[in-house]
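Asker: The structure is given below, and queries will be raised subsequently.
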């Protein structure tokens, strides 16, 4: 995978600044007693763990960090709404995706 392929698959910002996201994730067969805050915290931890491993060169983590970033931002927006907290999360995710992409070859 090269940098461009990663950024496209990860849903990073396009040249126009638009963020590509998929439909919100659903918990299937999970613990339905978990609160929205707990779901968001779990998504954050999963994303941060995968990002750390991806930055260290873990190929499986590089492939999973994009979908995990989408899950994290899809859970963060309904929880925080259009607020400074969401913008902070969004920017953190974007910066992390670009940092991972910078570890990959150009072509």
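Residue numbers (the working numbering): 1114 to 1220.
Glycine included, every Cβ here is placed at the ideal spot set by N, Cα and C.
Just so you know, these numbers come straight off a predicted model, no measurement behind them.
Pick out whichever of 1209, 1199, 1185 and 1203 has its Cα sitting closest to the Cα of residue 1168.
Answerer: Looking at the Cα atoms, 1209 is the closest of the given residues.
Asker: Taking residue 1149 as the reference, which of 1181, 1171 and 1189 has the closest Cα?
Answerer: Nearest of 1181, 1171 and 1189 to residue 1149, Cα basis: 1189.
Asker: In its own chain, which residues sit with a C-beta less than 6 Å from the C-beta of residue 1177, not counting the 5 before and 5 after it?
Answerer: Hits under 6 Å: 1163.
Asker: The alpha helix (DSSP H) with residue 1195 in it runs from where to where?
Answerer: Neither: residue 1195 is in no alpha helix (DSSP H) and is coded neither H nor E.
Asker: Within its chain, find whatever has a CB closer than 8 Å to the CB of residue 1206; leave out the 5 residues flanking it on each side and keep chain order.
Answerer: Same-chain partners within the cutoff: 1160, 1182, 1185 and 1186.
Asker: Rounded to whole angstroms, what's the CA-CA distance from residue 1173 to residue 1165? Just pull it up for me.
Answerer: Their backbone Cα atoms lie some 12 Å apart in a straight line.
Asker: Between which residues of its own chain and residue 1213 is the CB-CB distance below 8 Å, once the five residues before and five after are set aside?
Answerer: Closer than 8 Å at Cβ, skipping near neighbours: 1119, 1123, 1164, 1167, 1168, 1175 and 1178.
Asker: Reducing DSSP to helix, strand and coil, say where residue 1216 ends up.
Answerer: In this structure, residue 1216 counts as coil in the three-state DSSP scheme.
Asker: Give the single residue among 1201, 1211 and 1219 whose Cα lies nearest to the Cα of residue 1157.
Answerer: When each option's Cα is compared against that of residue 1157, the closest is 1201.
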